[in-house]
Amino acid sequence: MEPPVNNFTLMSVKHYNKVDTRFAGMGDETKCEKLKSELHGQLNKYPGFSKFCSSLIGNLEFFNYLPYLEFFKHHSCKYFNLWICDRMSKELVNLNVDKYNNIKNKIKEIWNDYELIKECKPDFISYMDDMNYNKIKNLYEYALNYDTLVKYYDQRGSLCSMEYKKYIEESLKTYEEAKHKCSSDTESLLCIALKDVRAVYNKEELSNITCNGTISLEKIRREVKQSLVPEVAHLDTQESRVASIDVERLSTGQYDTYITTPEGESSVSSSYKATLIVFPLFGILFILFSSYKFTPFGSWLKKYILNITNNQNNIEQKVKHNLLDNELEAHNINLIEGSHYISYNPS
């Protein structure tokens, strides 16, 4: 949502206006002419694009002198990228997707001519292509505007107009939604934006604005929670489906490895299979050890093992004795048979 126009100017609007004018016409204008010629008249219907391009070239030329941001001085690059997003979306309204993407790529090529990659990357394309682009932009701009809004409405007690009330409510919803989504996800651009604004304002500070008592944070949080219920329900349904498939496979003895797919088709992983075997084994060993150590079963088992050992020793002794008797008996038999053989004298 765009910040409304009122009897004071928000910081995001001031900053973008400064970026528009500070270095306009001070860069290499031939780059803009080359850009327009390469696009073969695609921009003829958009006269405002020439002014934007002139500002873009000048700001790239004098990047280290971009307008100062008091609280977000370390994020000049990101707000410069957002300025490009804002101006392109306004100047190139109704341009088809292919042409729009072509222009974005051409601007990126111009950016690369200035060797600013180490200082500032052309992230505007990533922002504009992100499904949460409007929320990302709104979150950064709301953080930039927060100080002005709090001072004007909550501290001075000025009457909150309907336009600003709506803007603040939408910004609070974006902030609260980002907090929910980023509790598990930390790599998305929306979550990076949340991390950036929280580096300036603490976790709850951006929620502490009521537009002179006309906004209820609890109401907004309830609305955000309700809006997220379908997503949570969808995840719960998927988890339940996977769990039911697991139970069915286990009950039928099917432990084949399987992979979870977006369609809900699941498959047991090899690590899961190993878990099914190892954990019960450890459980059995633990129970046996506890029984042996802390119950009468241990002493009984010890006696039982000793009896088995003694019986085994007795059996071994008997076997040895029998073997010895057998050897003596065999020896005697051999002697007897030998004596028969010796006395035998054929005639």
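Each residue of the sequence shown is one higher than the one before, starting from 1 at the first, in UniProt numbering. Built from N, CA and C at the ideal position, the CB exists for glycine as well. As the structure is a prediction and not an experimental result, all values here were calculated from the model.
Just to confirm before moving on: does the CB-CB distance between residue i and residue j stay below 8 Å?
| i | j | result |
| --- | --- | --- |
| residue 11 | residue 144 | yes |
| residue 173 | residue 141 | no |
| residue 19 | residue 83 | yes |
| residue 207 | residue 175 | yes |
| residue 146 | residue 209 | yes |
| residue 81 | residue 123 | yes |
| residue 23 | residue 70 | no |
| residue 120 | residue 160 | no |
| residue 110 | residue 39 | no |
In the DSSP assignment, the alpha helix (DSSP H) including residue i goes from what residue to what residue?
| i | result |
| --- | --- |
| residue 29 | Here residue 29 belongs to no alpha helix (DSSP H), and DSSP marks it neither H nor E. |
| residue 128 | 124-129 |
| residue 210 | Neither: residue 210 is in no alpha helix (DSSP H) and is coded neither H nor E. |
| residue 101 | 97-113 |
| residue 14 | 11-21 |
| residue 199 | That residue, residue 199, is in no alpha helix (DSSP H); it is neither H nor E in DSSP. |
| residue 171 | 162-181 |
| residue 215 | Careful: residue 215 lies outside any alpha helix (DSSP H) and carries neither H nor E. |
| residue 135 | 133-149 |
| residue 85 | 76-91 |
| residue 48 | 48-61 |
Can you tell me the Cα-Cα spacing of residue i and residue j, whole angstroms?
| i | j | result |
| --- | --- | --- |
| residue 107 | residue 54 | 12 Å |
| residue 95 | residue 154 | 41 Å |
| residue 203 | residue 194 | 9 Å |
| residue 188 | residue 200 | 19 Å |
| residue 43 | residue 217 | 44 Å |
| residue 185 | residue 127 | 17 Å |
| residue 37 | residue 103 | 12 Å |
| residue 87 | residue 72 | 20 Å |
| residue 8 | residue 56 | 27 Å |
| residue 151 | residue 158 | 9 Å |
| residue 89 | residue 105 | 15 Å |
| residue 15 | residue 66 | 10 Å |
Give me the Cβ distance between residue i and residue j, rounded to the nearest whole Å; I'm assuming they're in contact under 8 Å.
| i | j | result |
| --- | --- | --- |
| residue 46 | residue 91 | 6 Å |
| residue 149 | residue 125 | Their Cβ separation, rounded to whole angstroms, is 30 Å, which puts residue 149 and residue 125 out of contact at 8 Å. |
| residue 225 | residue 178 | Residue 225 to residue 178, Cβ: 14 Å. No contact. |
| residue 85 | residue 137 | 6 Å |
| residue 214 | residue 166 | The pair is not a contact, with the Cβ atoms about 11 Å apart (cut-off 8 Å). |
| residue 139 | residue 93 | In fact, because the Cβ distance is near 23 Å, the residues do not count as touching under 8 Å. |
Do three or more CB pairs link the segment 73-85 to the segment 23-32 at distances below 8 Å? no
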